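Student: Before anything else, here's the structure in question.
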Amino acid sequence: MKRILTLAIAALIISGCAKDDEPTVQETPTKSAAAKTYDADFMIDYFSLQCDIVRNTNGFLPTIAARGYGYLGVTAYESVVHGIPNGQSLAGQIQGMSAGSLPLPSADLKYDWALVSNKAMADMMRYMFGVNLNPDDAILIDNMEANTKAQLSAGVDADVIARSEQFGADLADAIYQVSKTDGGDESYLNPWQTPWEVPEADYCWIPTDLQLQPLSPDWMNNRSFIANIAEDTQIGAHIPYSSDPQSEFYAAAMEVYNQVNNNTPEQVTITEYWADDPFQTCTPTGHTFNILKQLLAESGATLEKTAVAFGMMGVAENDAFISCWKSKYDYMLIRPVSYIQEHIDPDFTTVIGTPPFPAFISGHSAEIGAGIKVMIDLFADAQGNYTFTDISQQQYGFTPRNFDNFYDLANECALSRFYGGIHFTMDNDKGLELGIAVGDAVVNELTWPKNIQ
């Protein structure tokens, strides 16, 4: 049964999903300080390091990166949830993680939630990058874990330190064991999922560069965190394919062609700002996480809110890519550049490179659509109003961009793919629709702590 949603940019339709089984509500250990009493800088720093290592690691293309961010986000949340009053674990709420499958803290013992998180996140990063983690980056993780432990351990009893670290290690291992059965384990070793036969038809995707295989063609079959999310958030077919110059599809291609040939300097800047190329940046998911990091830091969020935010965003990004990839490979639609070069102008070129996978729907649009629903829930009113300056791309030499509304941010991200010539408008519109449906499910169908600081 389909979920229903209203998008501020346009009226959209979405659907609902079921939880794995009933979650266990664990009593907060009474001898432990609440998570909201801890500073969150160290947790934000882990996601900064995640960005750097994603950029450096072979095989961490957008789908694989989203999964890695997803499990790190879940780990961040689970490492802190027992320090949040009435907090509910995701065990029993998400697929593959049944109630009782994760270790629980002893209610009558004391834990330091920051030390739990430090150990759990460091271990999860090692698990996610696996054998492709290069030695220099492994040292960076080791150093961050050691330095953070030294800072957090001041004034903490030795038995609390040892107990907290053991709980963090056990937690990370349990979540990693869950991850190994989702279909994406060690996917960085074969991101193209070869052998895979590319179908042949006039409407079908064809290579747009030397990469002859499309990325992650079986990704739709991975286990999502939310049950049935890929099926429940599908948004229907694209405009019927046609090479007839009088057809609606031809008109959609002409729209791309005319836009690229008449882009303003500002539109080119927007295209490049949101390009998020793998191995040059930390992928679209990394960009969205970097925005979230900034919002958390600027708002003075404690460890409580920061862990919840990263948990929500991790689930949203992972599941948005699975649902998006179902659309991509269900329809296998040709990219604008291939259609335009065959039917309109053989010399047509795009502003940025066309990614090696089908057009419909836009991955950027889907992931940012899911991401802004998390941001709206945490920071904005129902209409998405929130004024901020995105400085996340300064590290790559871009001028910060100002926004007054999260829907405006999502719309700009989606439009960037149209300005760049790599997506039809329908790819972006439907991508936003799907992504927002995923984000709404994450916010509304999982139980997250409320009134967090």
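Going letter by letter, the sequence shown gives residues -20 to -1, 1 to 433 in mature numbering (1 follows the signal peptide of the UniProt record, and there is no 0).
C-beta: ideal position from N, C-alpha, C; glycine also.
Small disclaimer: the values here were computed from a predicted structure and weren't measured.
1) Hey, Leu41 and Leu195 are a contact pair by Cβ (cut 8 Å); roughly how many whole angstroms apart?
2) Do the region 172 to 179 and the region 139 to 153 make contact, defined as three or more Cβ pairs closer than 8 Å?
3) Alpha carbon to alpha carbon, how far is Asn202 from Gly163? Give it in angstroms, no decimals.
4) So, Thr330 versus Gly400, is the Cβ gap smaller than 7 Å?
5) When the Cα atoms are used, what is the spatial distance from Thr249 to Asn241?
6) DSSP three-state label for Pro258, please.
7) Is the region 219 to 239 touching the region 376 to 393 in the sense that three or more CB pairs, one from each, lie closer than 8 Å?
8) What residues are listed by DSSP as bridge partners for Phe368?
9) Excluding sequence positions up to five away, which residues of its chain have a Cβ less than 7 Å from the Cβ of Ser342?
10) Any heavy atom of the ligand PLP closer than 6 Å to the CB of Ser69?
11) Could you please give the first and the last residue of the uninterrupted alpha helix (DSSP H) stretch that includes His344?
12) Report all residues from its chain with a CB closer than 6 Å to the CB of Leu(-14); omit the five preceding and five following residues, and keep chain order.
13) Could you tell me the alpha carbon to alpha carbon distance between Ser303 and Lys273, rounded to whole angstroms?
14) Can we say the region 26 to 36 touches the region 98 to 113, given the rule of at least three CB pairs closer than 8 Å?
15) I need the DSSP call for Leu426, collapsed to helix, strand or coil.
16) Quick one: grab the DSSP three-state call for Leu120.
17) Let me confirm a value: Ala130 is counted as buried when at least 16 other C-beta atoms fall within 10 Å, else exposed. Which label applies?
18) Val422 and Ala289 look like a contact to me (Cβ under 8 Å); what is the Cβ gap, rounded to whole Å?
19) Looking at the structure shown, is Leu313 part of a helix, part of a strand, or coil, going by DSSP?
20) Out of Ala362, Asp361, Leu358, Glu392, point me to the one whose CA is closest to residue 434's CA.
21) Looking only at its own chain, which residues have a Cβ that is under 7 Å from the Cβ of Glu58, when we skip the five neighbours before and after it?
22) Just to confirm before moving on: does the CB-CB distance between Met200 and Ala210 stay below 7 Å?
23) Quick one: is Lys306 buried, meaning 16 or more other Cβ sit within 10 Å of its Cβ, or exposed?
24) Near Ala390, what residues of its chain come up, given a Cβ to Cβ distance below 7 Å and the 5 sequence neighbours on each side ignored?
25) Can you tell me which of Ser12, Ser86, Pro197 puts its alpha carbon nearest to the alpha carbon of Pro336?
26) Can you list, in chain order, the residues of its chain with a C-beta nearer than 8 Å to that of Val354? Leave out the 5 residues immediately preceding and following it.
27) Quick check on the burial criterion: 16 or more other C-beta atoms within 10 angstroms. Buried or exposed for Ile121?
28) Going straight from the alpha carbon of Asn238 to that of Thr188, what length do you get?
Tutor: Taking the coordinates as given:
1) 6 Å
2) no
3) 5 Å
4) yes
5) 15 Å
6) strand
7) no
8) Phe383
9) Ala394, Arg397, His403, Asp407, Asn408, Gly411
10) With respect to the ligand PLP, the structure offers nothing, as it holds no ligand at all.
11) 343 to 359
12) Confidence at Leu(-14) is low in this model, with a pLDDT of 40, below 50, so the placement of that residue should be treated as unreliable; the coordinate-derived value is given next. Cβ within range, chain order: Ile416.
13) 25 Å
14) yes
15) coil
16) helix
17) exposed
18) That belief does not hold up - the Cβ atoms of Val422 and Ala289 are roughly 12 Å apart, past 8 Å.
19) strand
20) Since the first and last residues shown for the chain are -20 and 433, residue 434 lies out of range.
21) Ser69, Leu70, Leu82, Leu151, Ile155
22) yes
23) buried
24) Ile348, Gly349, Ile352, Leu412
25) Pro197
26) Leu272, Ala289, Met292, Met293, Ala296, Gly419, Val422, Val423
27) buried
28) 20 Å
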